[in-house]
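Note sheet for the following structure.
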Amino acid sequence: MSKSDTFVGTLFGMTVAVTLISSSAMISPTLVSLFLFVLFVTATSIFAGVLLILNKDRPVLNLNLHSVLFLIWGLYIVLYPILTRGVNANLKDGYLLSCIIYYFSLIILLVHLKPRLEVIYLPLLLMGTIEALICILQYSGYINSVNSFFKVTGTIVNPNTTAMFLVLCFSAGMHFLSIFSVRAEKTKSQRSRKSDRLNEPKDSNRMKTTKSLFVLVGLVLIIVAIVLLKCRTAFIGVIAIIVVIWGSRFRFTRWNNVRRRLRLLIPVLVLIFLLPILLFLYKAKEDSSRGRLLVWKVSTQMIQESPWTGYGYGLFERNYNLAQAKYFNSGKATEEEIERADHITLAYNEVIESTVEGGVIGTTLFLGFIGLLIHKCLRQFRNIHNSTSSFIKSSEKGEAIRNQVSLNAPAFAGVIAFTLMSLVNFTVQAVPVMCVFIIFSSLISAQDITVFQDKALTDKNQFLKAKEQLINVRHSNKYQNQIVALILLVSVFAIELPFIKTGFAQYHLGKSVKTISTGNPANIERTIETMKDLRPELSSCEGYYRYTAFAFFKLHDLQSAIEYYSEASKLTSNPDLFLSRGVCYEKIGQYSAAEADYLTASYIVPNRIIPKYRLMLLYLQRSNSKEASAMARQIVEMQPKVNNSQAEAAKKAAQEVLRKLNSRNNQVPFNTMQ
């Protein structure tokens, strides 16, 4: 293995590894992996820029159409506030731009260093195997889960993220299966195979056996972990990967040679095969499935109201929950929808979420990138098949081309799986999943520049270079490399470095939050002064305003708390925020404003008891016995999704209110829970 192979494998592996880290050092465990990912993206981008400058005469990126669309999407995100007079918030824009910069940086590295695909796929398989082992140990009880709500999560707090990451690792691992060399072995003559066996050292055979065993064990562990994680989306991804990889190997893409009647029959047979599987996955978690249908229904209504430009990147959660509250307030919701409603942070469909945030314009650019990427792979497979047919007399030449399909298939299968999973779950905001998707996309795109091979081309297949079936190398002019490097480095300094600075501010915010939760008033006052210094870096992060407001609330500075809660409400619609601000309004005597906030929290999640309980207490305080009685009845009749001590206490208080109101002829009870 060359030094460049070792470097690329290490860099790719470390970048993927840091995305799997969860920590309480920041206000959200996933923020740590996000900022570590951006840190490695910055290092990769700087190295790619320097590499371009030092290699003046080497080929540079010849942008294809899907890469151009990806680049335009990035420009659209940057210019979104100017073009739409809207805002981007909550780090989403910086994260997406980091992914785009990472994509182009990887292509530059792959073109210039020309690593073997094995050194890219192997770290992914290794990371997947380790993550799978952790999941199995969690299920066995030897390791505690990082999320108390789930028994198995891996190193990430959300088991869905872990499962989808393992799916893409499974695709990378399929590269090493011996199935890829079966046809190559068949094309050899008996004498050739006998000669190979005689000349091959025994140690090499043992190494191959050990490697095959490791790959097989790793893939089995990954599948077991996916089952334990109970993620239906991951099963869809695994099926897609198996179909794509085996299909490319056994030339299912040879569609033109299939009879016309059979062409019509094959999709029907596939649909008949998939329907029971999809029905089983739907029934496995029916409540969750129906809950997502509600999310998609409300999101579709939002898209109709602002179709072209959306509501702003990073603002789906804020605008969706307000739209959901409006929907429930309209009285059009069914009892089933009310029962399954919850505070929603994601759309569980990347097409819908992208359209809500960036409008039809942003979604068209993103989907255009993925669609053309997939089309490129299909076209490449067809061209390779046609080339194989042209060289039918030379089995070794034809096999060289088929081997190229095998090298591309795992990345292509990973992109297909990512696309399908994006239709029923979140993938873009799952940092490990998006990271591997960018790696696969760059592998496919970089092959417009050069051919990746596990072994050097021999004289016997030198015709591949001559015909340029898979090579599209264009040499740079005198200053082209320097211009590309300059653009890349400027992007890093303009986007990545401020984002990293925000990461350090988030770390200090996490330390401040711990002080606020446990500190005395003097410490809280000092913490507030420290937090004020963080505002320039965290001005678009709702957590900053929400926790600063909480600090002022602890100091009984209710007016300042209300101001910061109001700033946070521009970036989030968390029902707890409206409850907290409502309490502040109530304490300073602004009862109408308090009622409005309690009602908003109640409409966002109508099956939650606490917002209705706060309304009941407010009506009692204002001597509004009729409204208090109606709200108390609702509380008593409710069946909350999660029974906890707080909900039980609220129900008992509501029963006591009803009893006293009935027995005292609408006299306000004094003994209610505060």
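Going by the numbering used here, the sequence shown opens with residue 544, and the numbers climb by one from there. Positions of the beta carbon are idealized from the N, C-alpha and C atoms, including for glycine. For clarity, every value in this text was computed on a predicted model and none was experimentally measured.
Compare the C-alpha of residue i against each of the options and name the closest.
{"i": "cysteine 774", "options": "Val811, Asn1205, Ser832, Pro819", "result": "Ser832"}
{"i": "valine 710", "options": "Thr672, Gly684, Phe693", "result": "Thr672"}
{"i": "phenylalanine 583", "options": "Tyr646, Leu626, Asp548", "result": "Tyr646"}
{"i": "methionine 1159", "options": "Glu1106, Ile1026, Ala1175", "result": "Ala1175"}
{"i": "threonine 1070", "options": "Ala1094, Arg1078, Tyr1087", "result": "Ala1094"}
{"i": "asparagine 968", "options": "Phe580, Leu595, Gly684, Phe708", "result": "Phe708"}
{"i": "alanine 956", "options": "Phe1036, Thr562, Tyr664, Phe555", "result": "Tyr664"}
{"i": "threonine 553", "options": "Leu577, Pro658, Ser571, Ser1123", "result": "Pro658"}
{"i": "phenylalanine 713", "options": "Ala1173, Val958, Ile564", "result": "Val958"}
{"i": "isoleucine 589", "options": "Ile1147, Lys1044, Glu1039", "result": "Glu1039"}
{"i": "leucine 1120", "options": "Tyr1108, Phe909, Leu1052", "result": "Tyr1108"}
{"i": "histidine 609", "options": "Thr907, Met717, Leu1204, Gln1133", "result": "Thr907"}
{"i": "methionine 964", "options": "Ala706, Ala591, Phe550, Trp616", "result": "Ala706"}
{"i": "isoleucine 596", "options": "Asn703, Gln1025, Ile788, Asn701", "result": "Gln1025"}
{"i": "valine 654", "options": "Ala960, Asn598, Ile881", "result": "Asn598"}
{"i": "glutamate 893", "options": "Tyr1090, Tyr856, Arg883", "result": "Tyr856"}
{"i": "threonine 852", "options": "Phe823, Ile904, Leu818, Leu858", "result": "Ile904"}
{"i": "leucine 693", "options": "Gly790, Leu764, Leu771, Gly637", "result": "The sequence as given places phenylalanine at residue 693; leucine does not occur at that position. Answer by Cα proximity: Leu771."}
Note the first and the last residue of the continuous alpha helix (DSSP H) segment covering residue i.
{"i": "methionine 670", "result": "661-683"}
{"i": "methionine 1159", "result": "1152-1164"}
{"i": "serine 714", "result": "702-716"}
{"i": "valine 979", "result": "974-989"}
{"i": "serine 1206", "result": "1188-1206"}
{"i": "serine 688", "result": "Here serine 688 belongs to no alpha helix (DSSP H), and DSSP marks it neither H nor E."}
{"i": "glutamate 1080", "result": "1078-1081"}
{"i": "glycine 552", "result": "546-561"}
{"i": "leucine 622", "result": "608-627"}
{"i": "glycine 637", "result": "635-656"}
{"i": "serine 849", "result": "Serine 849 -> no alpha helix (DSSP H), and no H or E assigned at all."}
{"i": "isoleucine 1026", "result": "1023-1034"}
{"i": "proline 1270", "result": "Residue coverage of the chain in this structure runs from 544 to 1217, which leaves residue 1270 outside it and unanswerable."}
{"i": "serine 1135", "result": "1134-1147"}
{"i": "asparagine 862", "result": "859-872"}
DSSP on residue i, reduced to helix/strand/coil?
{"i": "histidine 1099", "result": "coil"}
{"i": "cysteine 774", "result": "coil"}
{"i": "aspartate 885", "result": "coil"}
{"i": "methionine 1181", "result": "coil"}
{"i": "leucine 970", "result": "Here the sequence assigns threonine to residue 970, which means leucine is not the residue at that position. Three-state DSSP puts threonine 970 in coil, outside helix and strand."}
{"i": "alanine 568", "result": "coil"}
{"i": "proline 953", "result": "helix"}
{"i": "isoleucine 1014", "result": "Residue confidence is low: isoleucine 1014 scores 42 on pLDDT, short of 50, so the model does not pin down where it sits. No coordinate-derived value is stated."}
{"i": "lysine 754", "result": "helix"}
{"i": "alanine 1111", "result": "helix"}
{"i": "arginine 1127", "result": "Checking the displayed sequence, the identity of residue 1127 turns out to be cysteine instead of arginine. In the structure shown, cysteine 1127 sits in a helix (DSSP, three-state: H, G or I)."}
{"i": "asparagine 959", "result": "Per the sequence shown, residue 959 should be read as isoleucine rather than asparagine. Three-state result, isoleucine 959: helix."}
{"i": "valine 899", "result": "helix"}
{"i": "leucine 594", "result": "helix"}
{"i": "serine 1168", "result": "helix"}
{"i": "threonine 1091", "result": "helix"}
{"i": "glycine 697", "result": "coil"}
{"i": "cysteine 920", "result": "helix"}
{"i": "lysine 840", "result": "helix"}
{"i": "asparagine 1066", "result": "helix"}
{"i": "serine 1116", "result": "coil"}
{"i": "threonine 573", "result": "helix"}
{"i": "threonine 907", "result": "helix"}
{"i": "leucine 822", "result": "helix"}
{"i": "threonine 1073", "result": "helix"}
{"i": "leucine 1122", "result": "helix"}
{"i": "glycine 780", "result": "helix"}
{"i": "valine 630", "result": "coil"}
{"i": "alanine 1175", "result": "helix"}
So does the region 755-766 actually touch the region 682-689, counting three or more Cβ pairs closer than 8 Å?
The region 755-766 vs the region 682-689: no contact.
Stretch-stretch touch, CB-based, cutoff 8 Å, three pairs: the region 836-847 with the region 876-890:
Taking a contact to require three or more Cβ pairs closer than 8 Å, the region 836-847 and the region 876-890 qualify as touching.
Just checking, does the region 894-908 make contact with the region 852-868 on the three C-beta pairs under 8 Å criterion?
Three or more Cβ pairs drawn from the region 894-908 and the region 852-868 lie within less than 8 Å of each other, which places the two stretches in contact.
Does the contact criterion of 3 or more C-beta pairs under 8 Å hold for the region 632-648 versus the region 1074-1093?
Touching, yes, given that three or more Cβ pairs across the two stretches are closer than 8 Å.
Examine the Cβ distances between the region 845-862 and the region 1128-1136 and report whether three or more of them are shorter than 8 Å.
Verdict: no, contact absent.
For the 8 Å Cβ check, are there 3 or more pairs between the region 1142-1154 and the region 866-882?
Because the criterion of three Cβ pairs below 8 Å is met, the region 1142-1154 and the region 866-882 touch.
Flag this pair as touching only if the region 615-631 and the region 570-582 have three or more C-beta atom pairs under 8 Å; answer yes or no.
Taking 8 Å as the limit for Cβ pairs, the verdict is that the region 570-582 does not touch the region 615-631.
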